[in-house]
Amino acid sequence: MSLPRRYPLIFNPSARSQKGARTRHFLMQHAHRFALYATNSGGEATELAKKFADDGEPVVIAAGGDGTLNAVVSGLAGSSTAIGVMPAGTMNVFARELGIPSNSLDKALEVIDRGLIREIDLFSANDAPFVQMAGVGFDAMVIEETQWEMKKLLGPLAYLLAAVKVLGKKPPIMDIVSCDGRREQGVAVLCGNGSLYGGQFKLFRKASNLDSKLDVIVFKESGYRFVLDTLHGIAQGGIDLAATTVYFQSEAVTVTSATTVPVEIDGELLGRFNEIRFRETATRLRVLAPEHPCGTPLMDTVKSVLQWPPGGYETAGIETR
Ligand SMILES: [Mg+2]
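In this note's numbering, the protein residues as written are -6 to 314.
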């Protein structure tokens, strides 16, 4: 009988959450299945993943949240090494998108052992690859404003407090130009390779990570108007249905701004730029994933709650196009 395969696995041992502790416990229990590589930074994880890819390793596992995953993907981009995902973060957006079990590491390992590889689009922002989504302006500013100490103390509430602070600021004006000649102006831009954003929330309703297109949402209003419009759009069944958002699909998009604007990819801050070029990378990403993404019953529940009352909200006084 042949021994089960042993995979190189990259993880961040300093993840302090309860989930982090459970993950470490799981890895120790299954130590015979993995060659464990602890990394202390995203850069280190990227370098290590790149080394495995250069060595022709068929599979590299990333155990952690979307940040760890993004770092490992950056190292594997352009290679034929497949990524295995052991979801151990708070949101695990990418795992949910692909139907990789995000609440059981045993089941996630089963998916990897099954060995089915799916090839998906891989896009980049100023040449930094991202698997799920990217944001320019508002959501990146919130991440920028959320202090690590506050996050530890308050959890998700820290983001909400930062959001309130950002909403009170004067927003940047951005010009958005797509490769097919479309021009928009806005205060924030979100780009989706997958459909989910921040957990179970299906933000990009038409997104497919197989169509070589990025789904783009441009927000034209800022401040509390932005919040009201966004909530109104969600109540109607999609953020893009708000009167002050524009939704389109394109193979490549460039965002420019006179002032530097922060950019996040897969929830991690990339930096501040005057120009951000979004485009597809030269090769697709190979991911070990189930054949069919599993359904998300919670999402259906959330949707039905948001669509209450049936027939939608009173729209009087709100302009619609
Ligand atoms: Mg797409």
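Every residue gets a Cβ at the ideal spot worked out from N, C-alpha and C, and that includes glycine. Being a predicted model, the structure only gives us computed values, none of them experimental.
The stretch 262 to 276 contacting the stretch 103 to 111, beta-carbon criterion three pairs below 8 angstroms: No, they do not touch.
Of the listed residues A236, V209 and T274, nearest to L221 (C-alpha basis): Position 228 of the sequence shown holds residue 221. Closest option to L221, Cα to Cα, is A236.
Segment contact flag, the stretch 241 to 253 with the stretch 172 to 181, C-beta cutoff 8 angstroms, min 3 pairs: yes
Span of the beta strand (DSSP E) around R265: Mapped onto the sequence shown, residue 265 falls at position 272. E261 to E273 is the extent of the beta strand (DSSP E) around R265.
DSSP three-state assignment for D168, whether helix, strand or coil: Here the question's residue 168 lines up with position 175 in the sequence shown. In the structure shown, D168 sits in a strand (DSSP, three-state: E or B).
Element boundaries [alpha helix (DSSP H), containing T237]: The residue labelled residue 237 in the question sits at position 244 within the sequence shown. Here T237 belongs to no alpha helix (DSSP H), and DSSP marks it neither H nor E.
Near ligand 1: A200 beta-carbon under 6 angstroms from a heavy atom: Locating residue 200 in the sequence shown gives position 207, where the first residue counts as 1. The answer is yes for A200.
Local conformation of F197 per DSSP, three classes: By one-based count along the sequence shown, residue 197 stands at place 204. Coil, per DSSP.
Beta bridge counterpart(s) of F4 as assigned by DSSP: Along the sequence shown, one-based indexing puts residue 4 at 11. Under the DSSP definition of a beta bridge, F4 partners with A31 and A56.
Reduced DSSP category for V248 - H, G, I as helix; E, B as strand; rest coil: Residue numbering aside, residue 248 sits at position 255 when the sequence shown is read from its first letter. Correct three-state label for V248: strand.
According to DSSP, residues forming a beta bridge with M126: Reading the sequence shown from its first residue, position 133 is the one you call residue 126. DSSP, once it has assigned bridges, lists G185 as partnering M126.
Backbone secondary structure at D293 - three-state DSSP: Walking along the sequence shown from the start, residue 293 turns up at place 300. In this prediction, D293 scores a pLDDT of 47, lower than 50, which makes its location untrustworthy; the coordinate-derived value is nonetheless stated afterwards. Helix.
Proximity test, D204 beta-carbon vs ligand 1 heavy atom, cut-off 6 angstroms: Looking up residue 204 in the sequence shown gives position 211. Yes.
D208, enclosing beta strand (DSSP E) - first and last residue: The count along the sequence shown starts at 1 and reaches residue 208 at position 215. Element bounds for D208: L207 to F212.
Close beta carbons around A88, own chain, < 6 angstroms, minus the five adjacent residues each side: The count along the sequence shown starts at 1 and reaches residue 88 at position 95. The beta carbon of A88 sits closer than 6 angstroms to the beta carbons of V78, P80 and S95 from its chain, once the five residues preceding and following it are set aside; these are given in chain order.
Exposed unless 16 or more other CB atoms sit within 10 angstroms - verdict on M84: Within the sequence shown, the letter at position 91 stands for residue 84. Buried, because 16 or more other Cβ atoms sit within 10 Å of the Cβ of M84.
Option in V104, L147, F197 and S117 with minimal Cα separation from G231: In the sequence shown, residue 231 corresponds to position 238, counting from 1. Nearest Cα to G231 within the set V104, L147, F197 and S117: F197.
Neighbourhood of F45 by C-beta distance below 7 angstroms, restricted to the same chain and skipping five residues each side: Residue mapping note: residue 45 aligns to position 52 of the sequence shown, counting from 1. P1, V53 and T74, listed in sequence order.
Per-residue DSSP class, three states only, for A42: As a working note, residue 42 is residue 49 in the sequence shown. In the structure shown, A42 sits in a helix (DSSP, three-state: H, G or I).
Distance, L278 Cα to G35 Cα: Mapped onto the sequence shown, residue 35 falls at position 42. Mapped onto the sequence shown, residue 278 falls at position 285. Cα to Cα, G35 sits roughly 19 angstroms from L278.
Other residues of its chain near T276: CB distance less than 6 angstroms, five sequence neighbours each side excluded: Counted from its first residue, the sequence shown places residue 276 at position 283. Around T276: G71.
Classification of L146 by the beta-carbon crowding that lies within 10 angstroms, buried from 16 upward: Mapped onto the sequence shown, residue 146 falls at position 153. L146 should be labelled exposed.
Under 7 angstroms between C-beta atoms of L189 and F271: Counted from its first residue, the sequence shown places residue 189 at position 196. Counted from its first residue, the sequence shown places residue 271 at position 278. Contact flag unset, no.
Straight-line Cα distance separating A42 from V65: For the purposes of this step, residue 65 is taken as residue 72 along the sequence shown, with counting starting at 1. For the purposes of this step, residue 42 is taken as residue 49 along the sequence shown, with counting starting at 1. So the alpha carbons of these two residues sit roughly 6 angstroms apart.
Same chain, Cβ closer than 7 angstroms to G57, neighbours up to 5 away in sequence not counted: Within the sequence shown, numbered from 1, the residue matching residue 57 stands at position 64. Excluding positions up to five away in sequence, the list reads F4, N5, A8, A81 and G82.
Start-to-end residues for the alpha helix (DSSP H) that takes in M21: Here residue 21 refers to the residue found at position 28 of the sequence shown. First-last of the alpha helix (DSSP H) with M21: Q11 to Q22.
Three-state class that DSSP yields for G288 in the structure shown: As a working note, residue 288 is residue 295 in the sequence shown. Because the pLDDT at G288 is just 47, under 50, the model does not fix this residue reliably, and the value given afterwards should be weighed accordingly. Coil, per DSSP.
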